[in-house]
Amino acid sequence: SQQGEEDPQALSIQEGENATMNCSYKTSINNLQWYRQNSGRGLVHLILIRSNEREKHSGRLRVTLDTSKKSSSLLITASRAADTASYFCATDDNQGGKLIFGQGTELSVKP
Amino acid sequence: GAGVSQSPRYKVAKRGQDVALRCDPISGHVSLFWYQQALGQGPEFLTYFQNEAQLDKSGLPSDRFFAERPEGSVSTLKIQRTQQEDSAVYLCASSPGRRSEKLFFGSGTQLSVL
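Protein sequence lines, in the order shown, are assigned to chains A and B.
So for the first sequence, our numbering puts the first residue at -11; every next one is plus one.
So for the second sequence, our numbering puts the first residue at 256; every next one is plus one.
Spelled out as structure tokens, the structure:
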């Protein structure tokens, strides 16, 4: 079963615009991670935010975490056509074991 | 350096056949994970190893699914008596530590059961 739920399920924007994806989860966590998946490929780790952090940046990525609302958001600024992919949030089971993924947001960036 | 390698890349099986999917993790990585991904869905957890110990197999859908990592490196996911509902992409991932932080994924094995 999935722990996280992303919204929107699909997002289509123009190059240069910002893309925001949201993730909600159900149980307490140690950390939340975002991954990206290009069609037909494996997932690639983008960024990890710990439960005691509220915001984190990495290049054009900005992640926020609100543990009181059990939600996170991923912002991609100045999007490029190469950002077209599916994006998944993932949370651990609070014991450092398995990582549980959401259903993903499919992002399409049009040139 | 080499990433996580999975073989075969594609597998077509007749219903009732047994299949074996291989995962070569990044050398030295302690943790290894197997996921099942249906088309258009997120990866679903199957099982997880730390070295050779299988610490969690709660996601294996039935007793037809079996995974092993006998020497703490290469892992094999075996599916016996395959069914059509087993058709999916099977993803393997490894991580350097004992916690599920920053997983490195292979490209997956796409299994089609006819």
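C-beta atoms are modelled at their ideal positions from N, C-alpha and C, and glycine is treated no differently.
Mind checking if residue i is an interface residue toward chain B, Cβ cutoff 9 angstroms exclusive?
| i | result |
| --- | --- |
| Arg68(A) | no |
| Tyr23(A) | yes |
| Gln(-10)(A) | For Gln(-10)(A), the predicted model reports a pLDDT of 49, less than 50, meaning its position is unreliable; a value from the coordinates is still stated below. Interface residue, yes. |
| Val32(A) | yes |
| Leu87(A) | yes |
Can a CB atom of chain A be found closer than 9 angstroms to the CB of residue i?
| i | result |
| --- | --- |
| Pro351(B) | no |
| Pro298(B) | yes |
| Arg324(B) | no |
| Lys357(B) | yes |
| Arg354(B) | yes |
| Gly271(B) | no |
| Ser313(B) | yes |
Excluding the five sequence neighbours on either side, which residues of its own chain have a C-beta within less than 8 angstroms of the C-beta of residue i, listed in chain order?
| i | result |
| --- | --- |
| Gln309(B) | Thr302, Tyr303, Ala322, Glu323 and Arg324 |
Which same chain residues, not among the five before or five after residue i, have their C-beta less than 6 angstroms away from its C-beta?
| i | result |
| --- | --- |
| Leu276(B) | Leu332, Tyr345 and Thr364 |
Between residue i and residue j, which are expected to be in contact by the criterion C-beta below 8 angstroms, what is the C-beta distance as a whole number of angstroms?
| i | j | result |
| --- | --- | --- |
| Ile37(A) | Ser46(A) | In fact, because the Cβ distance is near 10 angstroms, the residues do not count as touching under 8 angstroms. |
| Ser60(A) | Val51(A) | 6 angstroms |
| Gln261(B) | Cys347(B) | 5 angstroms |
Judging by CA-CA distance, which residue of the options is the nearest neighbour of residue i?
| i | options | result |
| --- | --- | --- |
| Ala70(A) | Lys98(A), Gly90(A) and Leu87(A) | Lys98(A) |
| Arg54(A) | Ser74(A), Ala7(A), Ile17(A) and Tyr23(A) | It is Asp, not Arg, that sits at residue 54(A) in the sequence shown. Of the candidates Ser74(A), Ala7(A), Ile17(A) and Tyr23(A), the one whose C-alpha sits nearest the C-alpha of Asp54(A) is Ile17(A). |
| Ala257(B) | Cys278(B), Gln338(B), Gln272(B) and Asp341(B) | Cys278(B) |
| Phe288(B) | Gly314(B), Gln339(B), Asp318(B) and Asp341(B) | Gly314(B) |
| Met9(A) | Arg68(A), Ser74(A) and Lys86(A) | Ser74(A) |
| Leu20(A) | Glu5(A), Ile88(A) and Leu95(A) | Ile88(A) |
Could you pull out every residue in the same chain whose Cβ sits closer than 7 angstroms to the Cβ of residue i, ignoring the five residues on either side in sequence?
| i | result |
| --- | --- |
| Lys58(A) | Ser12, Tyr13 and Lys14 |
| Gln2(A) | Lys98 |
| Arg68(A) | Glu3 and Val97 |
Is the beta carbon of residue i within less than 8 angstroms of some heavy atom of the ligand NAD?
| i | result |
| --- | --- |
| Asp279(B) | You won't find the ligand NAD in this model; it holds no ligand whatsoever. |
Is the number of C-beta pairs between the region 277 to 295 of chain B and the region 61 to 73 of chain A that are closer than 8 angstroms three or more?
no
Should the region 350 to 367 of chain B be regarded as contacting the region 264 to 273 of chain B, the criterion being three or more beta carbon pairs within less than 8 angstroms?
yes
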